[in-house]
Amino acid sequence: MKKYFFYIIIFLCFSCEKVIDIDTDYSDERIVIDATVFKKLNEKFATSIVRVSTTAPFFSENNTEINNAKVFIKTQKGKVTLNYNTEKKYYSNTIDFSDYEEDYEISIDYDGQSYFSSEKLIKIPPIESVTFGNRKSLNTDEVELLVTFTDPKGVGDYYLWKFGPFGVDNKYDYLVSRDLYIDGNQFTFSFFIDKTKYFNYDEYVNIEISGLTDEGYNYLNILTAQAGAQSGRPFSTASSVIKGNIINQSNPEKFPLGYYRVSEFDYFRLSKKDAPDGTFD
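Counted the way my numbering counts, the sequence shown spans residues 362 to 642.
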């Protein structure tokens with residue numbers, strides 16, 4: 362193995378002018394749908410944001426966003442058309458909220474194919490408090506946050522937590538959780554974030570809670586596990602294609618990638634000024 366590796370190094374050093382074509386074995390193009398209906402806790406209107414794109418080869422620099430699909434959300438009050446925002450590159454609109462038993466049916470028509478999914482709005486508890494903790498991380502750039510909320514009793518809840526700057530298109534740290542051992546109780550958990558990443562250009566960090574179904578919880582856990590297993594290996598093959606909750610009514614075997622979520626959300630903004638002395642020195 363060492364001798365083989367040495368020969369490769371010699372070849373690369375003395376043959377730099379030769380172009381090498383790499384076959385990435387790409388043949389299964391699929392549509393990707395990232396769809397969310399979210400409603401702020403205690404408000405009467407929900408917002409829907411849907412991103413539609415296609416998969417592409419690893420080295421492709423082509424734009425994969427789809428801007429000419431027909432996207433609808435249907436509720437008991439009627440059908441709402443989602444309009445494409447050319448700047449933000451997603452479809453969106455506002456939807457009236459009626460009750461938690463209402464079905465939010467999404468339909469996407471593109472290139473002769475019809476995609477569909479239906480979910481109910483997930484109710485979530487409010488975030489009661491977020492404070493800075495005093496525990497230190499092995500990573501000196503990290504700071505501890507203590508998040509407190511009360512889990513509703515007997516519901517069987519699953520949560521998606523986001524930590525990061527405020528805004529739809531910002532990057533976050535994510536945490537999925539369930540109420541297996543905290544059902545019906547007030548609970549405080551600890552989470553460490555990178556203070557140089559989130560507080561370097563902003564005075565606040567945003568902590569957000571939203572709900573997940575059992576299927577959504579499992580989907581995100583599998584997705585996270587596969588992403589972690591392939592970390593640092595851009596040419597590795599995924600363990601499997603992860604099927605979400607959106608179906609292709611025209612061709613069930615050609616199902617889309619992605620997921621459709623419908624949930625309330627609540628958030629808490631924590632100021633840098635509330636940190637213990639010396640945290641950001």
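Heads up, the beta-carbon is just placed ideally off N, CA and C, and yes, glycines get one too.
Keep in mind that this is a model prediction, so the values were computed, not measured.
{"Asked": "Taking the C-alpha atoms as reference points, what is the distance between Q587 and L581?", "Found": "10 Å"}
{"Asked": "Identify the residues that DSSP records as bridge partners of V411: which are they?", "Found": "A396, Y452"}
{"Asked": "Cβ-heavy atom distance between L541 and the ligand ZN below 7 Å?", "Found": "With respect to the ligand ZN, the structure shown offers nothing to examine, as it has no ligands at all."}
{"Asked": "Around the C-beta of R496, are 16 or more other C-beta atoms found within 10 angstroms, so that it is buried, or is it exposed?", "Found": "exposed"}
{"Asked": "Cβ of Y476 within 8 Å of Cβ of I603?", "Found": "no"}
{"Asked": "Would you report the Cα separation of D457 and E564, rounded to the nearest angstrom?", "Found": "33 Å"}
{"Asked": "Terminal residues of the continuous alpha helix (DSSP H) containing T557?", "Found": "556-559"}
{"Asked": "Taking CB distances under 8 Å as the criterion, tell me whether Y535 reaches chain B.", "Found": "As a matter of chain content, chain B is missing from the structure shown, which is built from one protein chain."}
{"Asked": "Which residue comes first and which comes last in the beta strand (DSSP E) that contains N567?", "Found": "565-573"}
{"Asked": "Could you pull the DSSP bridge partners for N444 from this structure?", "Found": "S453"}
{"Asked": "DSSP state of N582, grouped into three classes?", "Found": "helix"}
{"Asked": "Could you tell me whether the Cβ atoms of T574 and Y520 are closer together than 8 Å?", "Found": "no"}
{"Asked": "Give the secondary structure of E480 by DSSP, where H, G and I count as helix, E and B as strand, and everything else as coil.", "Found": "strand"}
{"Asked": "Start and end of the beta strand (DSSP E) containing D642?", "Found": "No beta strand (DSSP E) holds D642; DSSP gives it neither H nor E."}
{"Asked": "Out of F548, K435, P637, I392, point me to the one whose CA is closest to S459's CA.", "Found": "K435"}
{"Asked": "Measuring alpha carbon to alpha carbon, tell me which residue in E569, V432, G639, L541 is nearest G515.", "Found": "L541"}
{"Asked": "Ignore the nearest five residues each way along the sequence and tell me which others in T549's own chain have a CB closer than 8 Å to its CB.", "Found": "L507, V508, T509"}
{"Asked": "Quick one: residues in its chain with C-beta nearer than 8 Å to the C-beta of F406, no 5 flanking neighbours on either side, listed in chain order?", "Found": "K400, T455, I456, D457, F458"}
{"Asked": "On the DSSP letters alone, give me the boundaries of the beta strand (DSSP E) that F493 sits inside.", "Found": "488-493"}
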